[in-house]
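Trainee: In full-length UniProt numbering, the protein residues as written are 1 to 229.
Ideal Cβ positions, reconstructed from N, Cα and C, are used throughout, including at glycine.
In this text, all values refer to a predicted model and were calculated from it rather than measured experimentally.
After the structure tokens below, expect a handful of questions from me.
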DNA sequence: GCGACAG
DNA sequence: ATCTTGTCGC
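Below, the structure is given as structure tokens:
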């Protein structure tokens, strides 16, 4: 845990206002609903940074529910936007979109490494990408960004709700994906609902803390990183 | 006023 | 996210 974080360069107030406005507008386009049909292909998405100013985004596509890997692609490019909590998508989405375009097999749903609506303005990167790609998406994050919750039981499969501290609104679910490991934060992005996000996450567990789509995207991000260095 | 703060 | 060794527990 990061108990203390040294102060980084202060984010430009004007930029933050602009990005906040963009999120409010995009939020109006988000829809929550079940998938039209059971997915045949599920994708995993993740990004890494080979150097401080370059980003490498990865997409893996797996058959569902067998979880057999059918494709993996990546895109590598420069990053301009700095990291500001709550505005991660503006820094990563552009490159992620380019990686998605390289896929030969378009998935039925995308599992994103990060939050869906479990975000201050309900626009985490999973929701953001869902709107831009007009694809069903949901987020699986390793750390909480916002909300309150009770610690789920230590047994794999235990689940508790992630609620907005002020309104009490359900913004996600906290899932113990493996015995005794820190829980995951799962929330719908776009064209997906909480029940589906949680169900698919559980269906993609293979004994590791991370579900296969995200775990493999993470793995290949490390492998591809060697190629661009 | 005091914390919290995805990747 | 990224930089990093040894170490604890199943």
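Between which two residues does the beta strand (DSSP E) holding residue 231 run?
Mentor: Because the chain spans 1 through 229 in this model, residue 231 falls outside it and cannot be assessed.
Trainee: Compute the Euclidean distance between the alpha carbons of residue 214 and residue 28, then round it to the nearest angstrom.
Mentor: Cα to Cα, residue 214 sits roughly 27 angstroms from residue 28.
Trainee: Identify every residue that forms a DSSP beta bridge with residue 72.
Mentor: BP columns for residue 72 point to 60.
Trainee: Please confirm whether residue 56 and residue 48 have their CB atoms less than 8 angstroms apart.
Mentor: Contact flag set, yes.
Trainee: DSSP state of residue 50, grouped into three classes?
Mentor: Residue 50: strand per DSSP, three-state reduction.
Trainee: For residue 228, count neighbouring Cβ atoms within 10 angstroms of its own Cβ and tell me buried if that reaches 16, exposed if not.
Mentor: Answer is exposed; the Cβ neighbour count stays below 16.
Trainee: Output needed for residue 64: all residues of its chain with C-beta closer than 7 angstroms, excluding positions within five of it in sequence on either side, in chain order.
Mentor: Closer than 7 angstroms at the Cβ level, and outside the excluded window around residue 64, lie 39, 40, 41, 42.
Trainee: Compare the C-alpha of residue 140 against each of 132, 119, 131, 101 and name the closest.
Mentor: When only C-alpha atoms are compared, the closest one is 119.
Trainee: Distance check for residue 149 and residue 20, CA to CA, integer angstroms please.
Mentor: Between residue 20 and residue 149, the C-alpha separation is close to 25 angstroms.
Trainee: So, are the CB atoms of residue 163 and residue 174 less than 8 angstroms apart?
Mentor: It is not a contact, given that the beta carbons lie outside the stated cut-off.
Trainee: Assuming residue 60 and residue 192 form a contact by the criterion Cβ under 8 angstroms, report the distance between their Cβ atoms to the nearest whole angstrom.
Mentor: That belief does not hold up - the Cβ atoms of residue 60 and residue 192 are roughly 18 angstroms apart, past 8 angstroms.
Trainee: What's the call for residue 194, buried or exposed, on a 16-neighbour Cβ count within 10 Å?
Mentor: Buried.
Trainee: Tell me whether the beta-carbon of residue 203 lies closer than 8 angstroms to the beta-carbon of residue 187.
Mentor: Their beta carbons are not under 8 angstroms apart, which means residue 203 does not touch residue 187 by this criterion.
Trainee: Straight-line CA distance for residue 172 to residue 117?
Mentor: Answer to the nearest angstrom: the Cα atoms are 7 angstroms apart.
Trainee: When the Cα atoms are used, what is the spatial distance from residue 53 to residue 146?
Mentor: So the two alpha carbons sit approximately 27 angstroms from each other.
Trainee: For residue 1, count neighbouring C-beta atoms within 10 Å of its own C-beta (all shown protein chains included) and say buried if the count is 16 or more, exposed if not.
Mentor: Only weak support exists for where residue 1 lies, its pLDDT of 42 falling under 50; the coordinates are left without a value.
Trainee: Taking only three categories from DSSP, how would you classify residue 42?
Mentor: Residue state, collapsed to three classes: strand.
Trainee: Here's the rule: buried if 16 or more other CB atoms are within 10 angstroms of the residue's CB, otherwise exposed. What is residue 37?
Mentor: By the neighbour-count rule (16 or more Cβ atoms within 10 Å), residue 37 is not buried but exposed.
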